[in-house]
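**Q** Under this note's numbering, read the sequence shown as residues 14 to 457, first letter to last. This is the structure, below, for whatever I ask next.
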Amino acid sequence: MGGPTMVMIAYKCPQYKVTVVDIDPTRIAQWNSDDLPIYEPGLDEIVKTTRGRNLFFSTEIEQGVKDSEVIFVSVNTPTKTFGAGAGMAADLQYWEKTARQICQCAESPKIIIEKSTLPVRTALAMERILTSNEDGIHFDVLSNPEFLAEGTAIRDLENPDRVLIGSRLTESGLRARDELVEIYANWVPRERIITSDTWSSELSKLAANAFLAQRISSINSISALCEKTDADISAVAKAVGMDSRVGSEFLNASVGFGGSCFKKDILNLVYLCRNYGLNEVADYWESVVQVNEYQKRRFVLNMMTAMFNTLVGKRICLFGFAFKANTGDTRDSPAIFIAKRLIEERAELVITDPKALDNARIDLNGIDSNVSYIEDPYKAASGCHAIAVVTEWELYRDLDFEKIYRSMIKPAFIFDGRNILDHKRLFEIGFNVFPIGKPALTHL
Ligand code: UDX
């Protein structure tokens, strides 16, 4: 998130010098090469235009801090894995380390911007650390959460629904806020740049992700009911989404949501609520994560039931491993859970994905003696008993499924965890088809 955001600022504001610093020399070397450390459609071109012009990548953190008037902090804030709040709270050690480092090297006043998603009131803690410097240097801490989604980062940055800036409402806080408004105003229409106090801004980010994830869990919970009643989740989502108060986006039933943000941010929100004794509120949001876990479990159970209650020795092909299309990212991908469960059931797995096979290998490292990784979906599906669509890659829609059917073991199954395929056509070819939240089409 930090990389593409800074790339966009450099691109839209040639009058500013933007330096991206990182402690990891390999990552910086990648940013300085033709092989960028992340895949985002459109990113390569913008980096090519700006790198060396007003965009620089460096490991010289001290120098970067000294030279800059505005510092965006985008370090990671993973879920804590130890001590109090393990599995729930955000691990703020990298953020705090960065704040201390800024404090040590700074020689002039600076505006510090929280870009990472953080628990509410983190800015306050940062302010305390920064103002502890002995030289009396003044820092203004702003919250400027990033709402971009992976795979559409460049589009989202170029044309955001809104830019949110939270500040202290003091004279100096408001001045710092206006400086940041000026940066975004280089390309974002003024009416889409909104401001608030710092805490509301921090909370808005957690709440926005919780609301989005809640929509997916809502539709997924109804998909389970559809499967029992022969209703069709697409018809239900359409009818519900056409109510302008609800809206149609983020109502695609799926095998479950993944990605580095939703689960982490909701658990963070849950932890925050429990901390304040708001247990009912915490339970409410926690259920969004629980329904998501349920949806993943249900998907594998449906596969088992359909395939005569045993998967031992059966060859199953996962179409997709990334947590969504157009990214190689597999963080918290439902594919990881599904693969692990299928391995437990002693199935043989073949995983295919146009971008995520390297990450899949890392995710399944040590448990993948019965797993093969094959980029070509035709080769991957050949000799399999079943295909499970886990990621909604566009390319899966256009495959020659007659050819695939001929190469598979019969009866051949397709479990469409994203409802992206033409189910009727697959059934006509001969497949037994199991969509999400729709009646199965089987020859059995
Ligand atoms: C999300 C937020 O959208 C973004 O605003 C925030 O800044 C970071 O977190 P991201 O994690 O990149 O972005 O992906 P997103 O497109 O939101 O998808 C998250 C997951 O939900 C994916 O696994 C996706 O496949 C799934 N999803 C999405 C569904 O299952 N159904 C839908 O209708 C939409």
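Where a beta carbon is used, it is the ideal one built from N, C-alpha and C, also for glycine.
1) Contact check, E179 vs S214 under 8 Å by CB: the rounded distance?
2) Within the chosen definition, does the region 66 to 76 reach the region 14 to 32 through at least 3 CB pairs nearer than 8 Å?
3) For D210, I'd like the list of residues in its chain whose CB is within less than 8 Å of its CB, leaving aside the five on either flank, ordered along the chain.
4) Under the three-state reduction of DSSP, which class applies to A237: helix, strand or coil?
5) Based on DSSP bridge pairs, tell me the residues matched to E361.
6) In terms of residue numbering, what span does the alpha helix (DSSP H) encompassing S185 cover?
7) I'd like to know if the region 141 to 159 and the region 189 to 196 are in contact, where contact means that at least 3 CB-CB pairs between them fall below 8 Å.
8) Can you say whether P347 is buried or exposed, counting buried as having 16 or more other CB atoms within 10 angstroms of its CB?
9) Using the rule of at least 16 other Cβ atoms within 10 Å of the residue's Cβ for burial, across every protein chain shown, is E361 buried or exposed?
10) Could you give the C-beta distance for I279 and A352, rounded to a whole number, given that I count them as a contact under 8 Å?
11) Which residue's Cα is closest to the Cα of F312: L291, N288, F334 and L355?
12) Could you check which residue in V304, V78, S217 and D104 has the C-alpha nearest to that of R228?
13) Let me make sure I understand the geometry here. Which of E358, K327, K277 and R287 has the alpha-carbon closest to that of R344?
14) Go ahead and label D80 buried or exposed: buried means 16 or more other beta carbons lie within 10 angstroms of its beta carbon, across all protein chains shown.
15) Going along the chain, which residues of its own chain have a beta-carbon closer than 7 Å to the beta-carbon of P452, five neighbours each way excluded?
16) First and last residue of the beta strand (DSSP E) that includes T208?
17) Could you check where the beta strand (DSSP E) with G179 kicks off and where it finishes?
18) Expressed to the nearest angstrom, what Euclidean distance is found between the alpha-carbon atoms of E159 and T111?
19) Compute every distance between the C-beta of K337 and the non-hydrogen atoms of the ligand UDX, then say whether any falls below 7 Å.
20) Can you give me the start and stop residues for the beta strand (DSSP E) that V83 sits inside?
21) Would you decide whether Q117 is buried or exposed? Buried here means 16 or more other CB atoms lie within 10 Å of its CB.
22) For R287 and G98, I'd like the C-alpha separation in whole angstroms.
23) Is any beta-carbon of chain C found at less than 8 Å from that of V304?
24) Tell me, to the nearest whole angstrom, how far the beta carbon of F332 is from that of Y409; I am working on the premise that it is less than 8 Å.
25) Given the structure, does E407 come close to the ligand UDX, in the sense that its CB is under 7 Å from one of the ligand's heavy atoms?
26) Should K241 go down as buried or exposed, given a rule of 16 or more other Cβ atoms within 10 Å for buried?
27) When every heavy atom of the ligand UDX is checked, does at least one fall within less than 7 Å of the C-beta of A393?
28) Determine the contact status of A250 and A266, defining contact as a CB-CB distance below 8 Å.
29) Could you check whether R431 and E405 sit closer than 8 Å to each other, using their CB atoms as the reference points?
30) Return helix, strand or coil for P390, following the three-state DSSP convention.
31) Going by alpha carbons, who is nearest to V176 out of L412, E184, A221 and D148?
32) Which full runs of the beta strand (DSSP E) of 3+ residues lie inside the region 24 to 54, going along the chain?
33) When every heavy atom of the ligand UDX is checked, does at least one fall within less than 7 Å of the C-beta of F152?
34) Around the Cβ of D429, are there at least 16 other Cβ atoms within 10 angstroms (buried) or fewer (exposed)?
35) In the structure shown, what three-state DSSP assignment does N89 receive?
36) Sorry if obvious, but does the Cβ on A162 come closer than 7 Å to a heavy atom of the ligand NAD?
**A** On the basis of the supplied data:
1) In the sequence shown, residue 179 corresponds to position 166, counting from 1. In the sequence shown, residue 214 corresponds to position 201, counting from 1. A small fix is needed here, since residue 179 is Gly in this sequence, not Glu. The pair is a contact, with the Cβ atoms about 2 Å apart (cut-off 8 Å).
2) yes
3) Taking the sequence shown and counting its residues from 1, the one referred to as residue 210 is at position 197. So the qualifying residues of the chain are G179, S180, R181 and L182.
4) Numbered from 1 along the sequence shown, position 224 holds the residue referred to as residue 237. If DSSP states are grouped into helix, strand and coil, A237 belongs with the helices.
5) Stepping through the sequence shown from its first residue, residue 361 is reached at position 348. Answer by DSSP bridge pairing, in chain order: R328.
6) On the sequence shown, position 172 is the one that residue 185 refers to. Segment E184 to Y197, the alpha helix (DSSP H) holding S185.
7) yes
8) On the sequence shown, position 334 is the one that residue 347 refers to. It counts as buried.
9) Residue 361 sits at position 348 when you count from the first residue of the sequence shown. Per the 10 Å Cβ criterion, buried.
10) As a working mapping, residue 279 is identified with position 266 in the sequence shown. As a working mapping, residue 352 is identified with position 339 in the sequence shown. Not confirmed; about 23 Å, so no contact.
11) One-based indexing of the sequence shown puts residue 312 at position 299. Of the listed residues, the one whose Cα sits closest to F312 is L355.
12) Translated into positions along the sequence shown, residue 228 becomes position 215. Closest by alpha carbon: V304.
13) Position 331 of the sequence shown holds residue 344. Checking every option, the nearest Cα to that of R344 belongs to K277.
14) Taking the sequence shown and counting its residues from 1, the one referred to as residue 80 is at position 67. Its Cβ having fewer than 16 others within 10 Å, D80 is exposed.
15) The count along the sequence shown starts at 1 and reaches residue 452 at position 439. Excluding residues within five positions, the ones whose Cβ falls inside 7 Å are D243.
16) As a first step, residue 208 must be located in the sequence shown, where it is residue number 195. From DSSP, the beta strand (DSSP E) with T208 extends over I206 to D210.
17) Sequence index remark: in the sequence shown, residue 179 carries index 166 (1-based). Here the beta strand (DSSP E) through G179 covers V176 to S180.
18) Start at 1 with the first residue of the sequence shown, and residue 159 comes out as number 146. Start at 1 with the first residue of the sequence shown, and residue 111 comes out as number 98. Roughly 19 Å between the two C-alpha positions.
19) Working through the sequence shown from its first residue, we reach residue 337 at position 324. Yes, Cβ of K337 sits closer than 7 Å to a heavy atom of the ligand UDX.
20) Position 70 of the sequence shown holds residue 83. V83 to V86 is the span of the beta strand (DSSP E), which, as asked, contains V83.
21) Numbered from its first residue, the sequence shown carries residue 117 at position 104. Q117 comes out exposed.
22) For the purposes of this step, residue 287 is taken as the residue at position 274 of the sequence shown. For the purposes of this step, residue 98 is taken as the residue at position 85 of the sequence shown. Each residue's alpha carbon lies about 10 Å from the other.
23) Protein chain content of the structure displayed is limited to a single chain, and chain C is not contained in it.
24) For the purposes of this step, residue 332 is identified with residue 319 of the sequence shown, where counting begins at 1. For the purposes of this step, residue 409 is identified with residue 396 of the sequence shown, where counting begins at 1. Yes, F332 and Y409 are in contact; Cβ-Cβ is about 5 Å, under 8 Å.
25) Here the question's residue 407 lines up with position 394 in the sequence shown. Result no, Cβ not under 7 Å from the ligand UDX.
26) On the sequence shown, position 228 is the one that residue 241 refers to. Exposed, because fewer than 16 other Cβ atoms sit within 10 Å of the Cβ of K241.
27) Residue 393 sits at position 380 when you count from the first residue of the sequence shown. Checking every heavy atom of the ligand UDX against the Cβ of A393, none is found closer than 7 Å.
28) The residue labelled residue 250 in the question sits at position 237 within the sequence shown. The residue labelled residue 266 in the question sits at position 253 within the sequence shown. Taking 8 Å as the Cβ cut-off, A250 and A266 qualify as a contacting pair.
29) Residue numbering aside, residue 405 sits at position 392 when the sequence shown is read from its first letter. Residue numbering aside, residue 431 sits at position 418 when the sequence shown is read from its first letter. In this structure, R431 lies closer than 8 Å to E405 by Cβ.
30) For the purposes of this step, residue 390 is taken as the residue at position 377 of the sequence shown. P390: helix per DSSP, three-state reduction.
31) Taking the first residue of the sequence shown as 1, we reach residue 176 at position 163. Nearest of L412, E184, A221 and D148 to V176, Cα basis: A221.
32) 31 to 34
33) Numbered from 1 along the sequence shown, position 139 holds the residue referred to as residue 152. No, the beta carbon of F152 sits no closer than 7 Å to any heavy atom of the ligand UDX.
34) Within the sequence shown, the letter at position 416 stands for residue 429. Classification for D429: buried.
35) Walking along the sequence shown from the start, residue 89 turns up at place 76. The answer is coil: DSSP assigns N89 none of H, G, I, E or B.
36) This structure lacks the ligand NAD; its bound ligands are the ligand UDX.
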